[in-house]
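FYI, the numbering for the sequence shown is 48 to 118, going by the numbering used here. C-beta atoms are modelled at their ideal positions from N, C-alpha and C, and glycine is treated no differently. Predicted model only: the values in this text are computed from it and were never measured. Scroll down for the structure; my scribbles are underneath it.
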Amino acid sequence: MGEILLSRYDVFKKSMEVAEGAEAKTHITTNLNAYELETHYGGRIRSRLREMFNLISFDHSSADKRKQHKC
């Protein structure tokens, strides 16, 4: 995941230079908190995540947000 994020970061920075609103879209979901991300992937990746993404955090007691498939 670290290599993918670093390559997407390069695209992100270049697109910001070319035209506003033309940046590549990347969505990430994880069960790791910020400390766990940094421990696993390092401070560089955590820093890039902070710059590139909007964090949407849910409390552990919140309801499951995944869509339920009807069979």
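Asked: Inter-stretch contact (C-beta, 8 Å, three-pair minimum) for the region 87–107 and the region 48–62; Found: yes
Asked: Cβ-heavy atom distance, R113 to the ligand MG, below 6 Å; Found: Although the ligand MG was asked about, the structure shown includes no ligands whatsoever.
Asked: Close-in-space but distant-in-sequence residues of the same chain around E83 (CB under 8 Å, 5 per side omitted); Found: none
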